[in-house]
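For reference, the structure is listed below as structure tokens.
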Amino acid sequence: MTQSIERPVGVNVYGSHIVRTEPDRAEIDIAVIRLAQTPSAAFEQTGKAVRAVRAALKTAGIPDVDIEVSKVNLETAYDRYGPTAKFIGYRSQVTFRFVVSRLDAVEQLLTSAVEAGANEVQRVRYQSSKLRELRVEARKRAVEAAKRKAEVYCEAAGVRVGQVIHLEDVNPDLGQYRSSLGHTAAEMVPADETGEEAGPGLKPGSLVISAAVIVTFNILHN
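Just so we're aligned: 117 in numbering that gives the first Met the number 0 is position 118 of the sequence shown, and the numbers increase by one with no gaps anywhere.
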């Protein structure tokens with residue numbers, strides 16, 4: 000990461016922290032997609048499957064109020080793109096989104112939904128219900144890490160750290176959790192500068208909440 004100081008006014012440092020946690024819920028997106036030769040047939044087939052999927056989810060323990068269902072979408076379908084494309088029918092689609100609080104039930108829920116008529120699993124996103132608290136912790140620790148770094152530099156220079164005169168959040172989007180099932184932690188989050196032992200690595204499926212700041216401190220001369 001490249002940093003520059005346009006107006007040097009003190010000691011300018013970067014601090015970051017990452018918090019690891021295990022997911023305790025999953026947000027699932029699935030879809031019912033049907034292809035028919037007429038719009039009415041596509042709507043009818045989709046509606047029948049939607050009712051069956053909703054019933055299957057309810058039987059599996061997901062109440063209706065926790066299931067988001069989109070409006071039905073209809074579009075013309077072709078076998079390919081370009082001037083040689085051939086019309087093959089009308090594609091109707093309805094998507095579902097629901098949250099599962101028991102991770103051991105995810106496989107069975109997906110199986111039940113597919114068997115009932117869902118024919119596309121769009122996303123399974125693992126989450127933590129403690130995200131807000133963990134994000135606050137990561138941000139506090141990032142500031143602490145920045146202060147410790149400033150103290151090291153000032154001690155080496157024979158001066159002392161003063162008050163904070165500027166604090167900047169570095170890329171707020173990184174203050175969200177990242178799954179180790181996707182990109183590597185090194186690609187997704189800033190390095191942990193707390194000095195704590197990071198351990199042998201992320202557990203499969205663990206979540207990472209990260210925060211990073213740039214802080215400017217006054218310099219106090221002895």
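Each residue gets a CB set at the ideal place from its N, CA and C atoms; glycine is no exception.
Exercise. Is it buried or exposed for GLN94, if we count other Cβ within 10 angstroms and need 16 for buried?
Worked result: Here residue 94 is taken as the residue at index 95 of the sequence shown, counted from 1. The sequence shown places Thr at residue 94, not Gln. With a 10 Å radius around the Cβ and a threshold of 16 neighbouring Cβ atoms, THR94 comes out buried.
Exercise. For ILE32, which of LYS139, ARG24, VAL120 has the nearest alpha-carbon?
Worked result: In the sequence shown, counting from the first residue as 1, residue 32 sits at position 33. Ranking LYS139, ARG24, VAL120 by Cα distance to ILE32 puts VAL120 first.
Problem set entry | Those residues which DSSP pairs with VAL99 across a bridge | Translated into the one-based positions of the sequence shown, residue 99 becomes position 100. Paired residues: ALA25.
For this session: Taking all protein chains shown into account, decide if PHE86 is buried (16 or more other Cβ within 10 angstroms of its Cβ) or exposed.
Result: In the sequence shown, the residue the question calls residue 86 occupies position 87. It counts as exposed.
For this session: Look up ALA30 in the DSSP assignment and say whether it is helix, strand or coil.
Result: In the sequence shown, counting from the first residue as 1, residue 30 sits at position 31. Correct three-state label for ALA30: strand.
Problem set entry | Proximity to VAL207 [Cα-Cα], best of ALA51, ARG147, GLU21, VAL10 | Reading the sequence shown from its first residue, position 208 is the one you call residue 207. Nearest C-alpha to VAL207: GLU21.
Exercise. For ILE61, is the beta carbon positioned less than 7 Å from some heavy atom of the ligand HEM?
Worked result: Among the components of this structure there are no ligands whatsoever, and the ligand HEM is therefore not found.
For this session: Rounded to whole angstroms, what's the CA-CA distance from ARG90 to VAL68? Just pull it up for me.
Result: Residue numbering aside, residue 90 sits at position 91 when the sequence shown is read from its first letter. Residue numbering aside, residue 68 sits at position 69 when the sequence shown is read from its first letter. Answer to the nearest angstrom: the Cα atoms are 17 Å apart.
Problem set entry | CA-to-CA distance, TYR152 to ALA145, given in whole angstroms | As a position in the sequence shown, residue 145 is number 146, starting the count at 1. As a position in the sequence shown, residue 152 is number 153, starting the count at 1. C-alpha separation (whole angstroms): 11 Å.
Problem set entry | 8 Å CB neighbourhood of GLU150 in its chain, flanking five on each side removed | Here residue 150 refers to the residue found at position 151 when the sequence shown is read from its first residue. Closer than 8 Å at Cβ, skipping near neighbours: VAL160.
Exercise. Would a C-beta distance cut-off of 8 Å place ALA137 and VAL212 closer than the cut-off?
Worked result: On the sequence shown, position 138 is the one that residue 137 refers to. On the sequence shown, position 213 is the one that residue 212 refers to. Going by C-beta atoms, ALA137 is not nearer than 8 Å to VAL212.
Exercise. Exposed or buried, HIS220, counting other C-beta atoms within 10 Å across all chains shown (16 or more means buried)?
Worked result: In the sequence shown, counting from the first residue as 1, residue 220 sits at position 221. Under this definition HIS220 is an exposed residue.
For this session: Compare the C-beta of GLN44 against all C-beta atoms of chain B and say whether one is closer than 8 Å.
Result: In summary, chain B is missing from the structure at hand, where a single protein chain is found.
Problem set entry | Where TYR152 falls: helix, strand or coil (DSSP) | Within the sequence shown, residue 152 is the residue found at index 153, counting from 1. Correct three-state label for TYR152: helix.
Exercise. Taking the Cβ atom as the reference point for each residue, do VAL64 and ILE164 lie within a distance shorter than 8 Å?
Worked result: Reading the sequence shown from its first residue, position 65 is the one you call residue 64. Reading the sequence shown from its first residue, position 165 is the one you call residue 164. No, the pair does not count as a contact, with Cβ atoms beyond the cut-off.
Exercise. How should ASN72 be labelled, buried or exposed, when 16 other C-beta atoms within 10 angstroms of its C-beta is the threshold for buried?
Worked result: As a first step, residue 72 is located in the sequence shown; it is residue number 73 there, counting from the start. By the 10 Å Cβ count, ASN72 comes out exposed.
Exercise. Which residues bound the alpha helix (DSSP H) around ARG53?
Worked result: Counted from its first residue, the sequence shown places residue 53 at position 54. It spans 38-58 - the alpha helix (DSSP H) in which ARG53 sits, taken as one unbroken run.
Exercise. In terms of DSSP beta bridges, what is PRO122 paired with?
Worked result: Taking the first residue of the sequence shown as 1, we reach residue 122 at position 123. The amino acid at residue 122 is misidentified as Pro; the sequence shows Arg. In the DSSP output, where bridge partners are listed per residue, ARG122 has ASP28.
For this session: May I ask you to report which of helix, strand or coil DSSP gives THR83?
Result: For the purposes of this step, residue 83 is identified with residue 84 of the sequence shown, where counting begins at 1. In this structure, THR83 counts as coil in the three-state DSSP scheme.
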